[in-house]
Amino acid sequence: MFHENVEIYYSVKANPNPVICSKIKEWGGAFETSSLNEFKLCINSGVSGERIIYSGIGKKNEEIEWVLDRKVYAIVVDSVKELDRIVEISKKRDEPVSIIIRVRLDINIPGSRLFQNRNYFGVCEEELDAILTKIRVIDGIQLLGFHNYGGTQNFNLDYYIESYNKLLSICELAVYTYGMDISTVGIGGGFGVALFEGDCDFQIELFGQYVKSNSSVFTRLGINKLFIDIGRYITSAMGSYITQVMDIKTVKGRKYVIVDGGTHHRSFQSILSTNFKKPLPIYIYRKDGTITMSENGHNINKVTFVGRLCTPTDVLVSNVSISNLSIGDYIIFPNSGSYGPSAGCLFFHLHSIPPEIIVEEQDLYLSSFIECMKKDGDRN
Ligand SMILES: Cc1ncc(COP(=O)(O)O)c(C=O)c1O
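The numbering used here puts the sequence shown at residues 17 to 396.
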């Protein structure tokens, strides 16, 4: 689908389960990490530093040094001051540091809904000349290329094509005006995943075809890697969230189902649940062993699923058409493999941490990023 120079970098933040990291490593994937613990998780899953990019906001010097010690592929620079700190670190270590500059592109095409007007990630386009002038005369900084962050749940192919083309123009500037060798361009994250009726997944094939049909640019500019750092698109369909009905009540004509969980287990999914969009079906595993799907149609009550947090914002999903629900039934939310417990307010109320169950062919076993952090925290 893509050109041979294209490589997927899995964004660990989407689901830092160690089994997923090991599987992606086994399948030949590379990784985008945004914190030292994400980076350590990859290293402890046997991934070599050369297969990891270190992004993240507000990186600390000791984190930068730690990833440099493990031969990280590149550090994605988020600001001019961060670049200055990396220059100092490179001087102190007396060794070159490979960087990619994250550029906050001015793109007028609507992209990620959560993201518009709030994009403070990366350096501004107008800062680039000053940055390139500086880097050109500094020994020790090896500029590999440029990256743009596309937000999350972005379905707009035109947005990605525009940002890709803009990044290539920036590479052109670096190569032809500043005489630099550029090898890498990065696009990500945010390829959208259908969570509501009427949505369809980001059309990755079309983006792949576009890149392929314009691949002469790779040779012309000397670019040998286009990395695509995405998370949700990879793990969303890998997991389901399963919770049990604890209570059912009607308040002022609205029916609420209270489940043994809540938004602290799957924050992003819930933030994206809007009242005016119809959620994709959920499933009910009933006490009699049958499984049924939420439905559209007559004579069914619309219900709102809420969790156990003492806040009215703890809404998992609303306006679901479901009949004959009983206390004790299990509710299954598919497409929940990304931004689950690690992205929720897991410790709110000190509720118990939900187990993560891996299903691998005939095997069922527990694995959690929390256990891994406890262990690795002591070691490092
Ligand atoms: C740099 C970077 N890459 C990739 C992603 C992954 O986004 P998604 O899971 O929506 O693909 C993020 C998410 O915040 C990010 O910050």
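Ideal placement from N, C-alpha and C gives every residue a C-beta, glycine not left out.
| Item | Value |
| --- | --- |
| Taking 8 angstroms as the cut-off, does the stretch 87-95 touch the stretch 103-112 (at least 3 CB pairs, one atom from each stretch)? | no |
| Can you tell me whether CYS388 is helix, strand or coil according to DSSP? | helix |
| Any heavy atom of ligand 1 within a distance shorter than 7 angstroms of the CB on THR49? | no |
| Would you kindly report the start and end of the unbroken alpha helix (DSSP H) that includes GLU48? | Not the alpha helix (DSSP H): GLU48 falls in the beta strand (DSSP E), residues 46-49. |
| Mapping the DSSP letters down to three states, classify MET254 as helix, strand or coil. | helix |
| Whole alpha helix (DSSP H) runs in the stretch 129-182 with 4 or more residues, listed along the chain? | 144-152 |
| Alpha carbons only, please: which of ASP94, THR279, TYR355 is nearest the one belonging to ILE367? | This sequence places His at residue 367; Ile is not what is there. The shortest Cα separation from HIS367 among ASP94, THR279, TYR355 belongs to THR279. |
| Tell me the DSSP secondary structure of ASN77 in three-state form. | helix |
| Determine the direct distance from the alpha carbon of PRO34 to that of PHE385, and round the result to whole angstroms. | 6 angstroms |
| Taking LEU121 as the reference, which of GLY206, ALA146, SER106, PHE137 has the closest Cα? | PHE137 |
| Quick one: any contact between the stretch 64-81 and the stretch 89-107, if contact means 3 or more CB pairs under 8 angstroms? | yes |
| Would you mind reading off the limits of the alpha helix (DSSP H) that contains PHE223? | 220-229 |
| Measuring straight from C-alpha to C-alpha, what distance separates GLY166 and ILE36? | 23 angstroms |
| Got a sec: does ligand 1 put a non-hydrogen atom nearer than 7 angstroms to the Cβ of SER231? | no |
| From ASN351, SER231, CYS361, LEU160, pick the residue whose C-alpha is nearest to that of THR327; which is it? | CYS361 |
| Should ILE125 be labelled buried (16 or more other beta-carbon atoms within 10 Å of its own) or exposed? | exposed |
| May I ask which residues mark the beginning and end of the beta strand (DSSP E) holding SER38? | Premise fails: SER38 lies in the alpha helix (DSSP H), 34-42, not in any beta strand (DSSP E). |
| Since LYS294 is in the beta strand (DSSP E), which residue starts that stretch and which ends it? | That residue, LYS294, is in no beta strand (DSSP E); it is neither H nor E in DSSP. |
| Would you mind sorting ILE343 into buried or exposed? The rule is 16 or more other CB atoms within 10 Å of its CB. | exposed |
| Pop quiz: SER199 and GLY156 are said to be a contact at Cβ under 8 angstroms. What is the actual Cβ separation, rounded to whole angstroms? | Not a contact, Cβ separation roughly 17 angstroms. |
| Work out the CA separation of LEU144 and VAL83 for me, nearest whole Å. | 25 angstroms |
| Give a yes or no on contact between the stretch 207-224 and the stretch 43-52, applying the rule of three or more CB pairs nearer than 8 angstroms. | no |
| For the beta strand (DSSP E) containing SER114, list its first residue and its last residue. | 113-120 |
| Three-state secondary structure (DSSP) at VAL28? | helix |
| What does the Cβ neighbour count give for VAL153, buried or exposed, with the cut at 16 atoms within 10 Å? | exposed |
| Regarding ASP207 and ligand 1, is the C-beta to nearest heavy atom distance less than 7 angstroms? | Note that residue 207 is Phe in the sequence shown here, rather than Asp. PHE207: yes, Cβ under 7 angstroms from ligand 1. |
| Express the C-alpha separation of THR306 and GLY202 in angstroms, rounding to a whole number. | 46 angstroms |
| Can TYR180 be considered in contact with ligand 1, in the sense that its beta carbon sits closer than 7 angstroms to one or more heavy atoms? | no |
| Whole angstroms is fine: what's the gap from ASN53's alpha carbon to SER71's? | 12 angstroms |
| In the structure shown, what three-state DSSP assignment does VAL88 receive? | coil |
| Taking C-alpha atoms, which residue in ASP94, SER339, GLY127, LYS182 lies nearest to LYS75? | ASP94 |
| On the three-state DSSP scale, how would you describe SER368? | coil |
| Would you give the residue range spanned by the alpha helix (DSSP H) that GLU376 belongs to? | Careful: GLU376 lies outside any alpha helix (DSSP H), inside the beta strand (DSSP E) at 373-376. |
| Would you say the beta carbon of THR279 is closer than 7 angstroms to some non-hydrogen atom of ligand 1? | no |
| Say the cut is 7 angstroms; is the CB of TYR249 nearer than that to a heavy atom of ligand 1? | yes |
| Taking 7 angstroms as the cut-off, is the CB of ILE246 close to at least one heavy atom of ligand 1? | yes |
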